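Mapping to full-length UniProt numbering: the sequence shown position 95 is 95, numbers consecutive. Each residue gets a CB set at the ideal place from its N, CA and C atoms; glycine is no exception. As the structure is a computational prediction, the values presented were derived from the model and not from experiment.
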Amino acid sequence: MKIDLKINGLDRKIEIEPGEMLADVLNRNGYTVRKGCDTGSCGLCTILLDEKPISSCSYLAIKADGHVITTIDGVQHEAEEIAKFLVAEGVEQCGYCSPGFVLTVLGMKKELKNPSEEEIKHYLVGNLCRCSGYVGHLRALKKYLGVSE
C-alpha cells in the first residue's frame, strides 16, 4: 500500500508493507534514521513528526500517512549549529546518538520557551548517550537555547 508523506519539505508517495515500522520505511527510501534498541527506548531513531520528536523504530508507518516528517537529512544547518555548542563544551564523542539528539533538541526548541534545567532534562530523557554523563550536553543546550541561569 502507498502512504502520502511530506519528508524534509518534499511530498512523497511511499510504498509500505503491513506492520512495517517508520524507521525501516525511511531507511529503505534513502533517509538517514539510526536504529539501536527497536523498542523506542534509546532515542537513536528519533525523527520529527509534525515537528514533535517520536521514536520511529516503534511507530507504525501507516500512522504517518498524511503527516510531515523531518529526518536529520532535512536539518543539516541546524545540526551543524548545535554541534558547535556541543564541541565547545567537550561533548564531541562518537556521534552515533547525535542525529536523534539533534532532532529532539529542535522539537524542544519549538515547544518550550526558556525551559528550566529540569524541563530540558525531562525532554531529553529518551535520548541515550553511551559516551558521556550528559553534563556537557546540558551546558551546551542551555547556551544554544539561550536559557538564563
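Item to check | Selection from Ala64, Thr104, Leu44, Glu119 that minimises the alpha carbon distance to Lys13 | outcome: Nearest C-alpha to Lys13: Ala64.
Next on the checklist: Pull the bridge partners of Lys143 from the DSSP assignment, please.
Outcome noted: Bridge pairing for Lys143: absent [DSSP].
Item to check | Other residues of its chain near Val105: CB distance less than 7 Å, five sequence neighbours each side excluded | outcome: Excluding residues within five positions, the ones whose Cβ falls inside 7 Å are Ile82, Leu141.
Checklist entry - Would Cys57 count as contacting chain C if we go by Cβ distances under 9 Å? => result Among the chains of the structure shown, chain C does not appear; only one protein chain is present.
Item to check | Paired residues, beta bridge with Thr71 - DSSP | outcome: None; Thr71 has no bridge partner.
Item to check | Beta-carbon gap between Lys143 and Ala88 smaller than 9 Å | outcome: Contact: yes.
Item to check | Of the residues Glu17, Val68, Arg130, Pro53, the one placed nearest Asp4, counting alpha carbons only | outcome: Measuring from the Cα of Asp4, the nearest candidate turns out to be Val68.
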